[in-house]
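Here the structure is laid out as structure tokens; the discussion comes afterwards.
Numbering (UniProt numbering), first residue to last: 1 to 170.
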């Protein structure tokens, strides 16, 4: 029997790249919140690096005028895009009313650099929602929520209609 079949969830967690990063950096994650924050920071750092590389390759000036975060959840990456000066303004969309409410509550700037809207990326026209094409569109951990291949196709089609630059999906 191979060792892969004997891997339990704890072993899987130990082998995640983010977990290795935490160990190498000598960081601690004693509680769930701290662990989640460390992993989110690791993911955000890598996504930002990828975005900068993509925008540079396409000769876009940073910050871009407006970015779109599809499936923004609690708005973490929207805030990161503003803090890292990747975008002057970010529109975060999510189909969950509760997540949009949470994102709005956690918006941490005194000046409005972000907007959160309840939108279903599979059924709503993103170009109508945004009002223009965007040079930067991202989605993190959202496509896995598509219920079937048709819904996934609709989401990707809607993203393609509004994208005029870089699309980052993770």
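Note that beta-carbon positions come from the ideal geometry of N, C-alpha and C, so glycine has one too.
Between residue 73 and the set 103, 143 and 114, the nearest pair of CA atoms involves 103. The three-state reading of DSSP puts residue 132 in coil, since its state is none of H, G, I, E or B. With the rule of 3 Cβ pairs closer than 8 angstroms, the stretch 124-132 does not count as touching the stretch 51-60.
No alpha helix (DSSP H) of 4 residues or more sits fully in the stretch 55-79. Within the same chain, Cβ atoms closer than 6 angstroms to the Cβ of residue 158 are found at 121 and 126, the five residues on either side in sequence being excluded. Collapsing the DSSP output to three states places residue 99 in a helix. Residue 94 carries a strand assignment under DSSP once its states are collapsed to helix, strand and coil.
Membership of residue 161 in the alpha helix (DSSP H) is indicated by the continuous run 149-162. If you look at residue 115, you'll find it in the beta strand (DSSP E) that goes 114-118.
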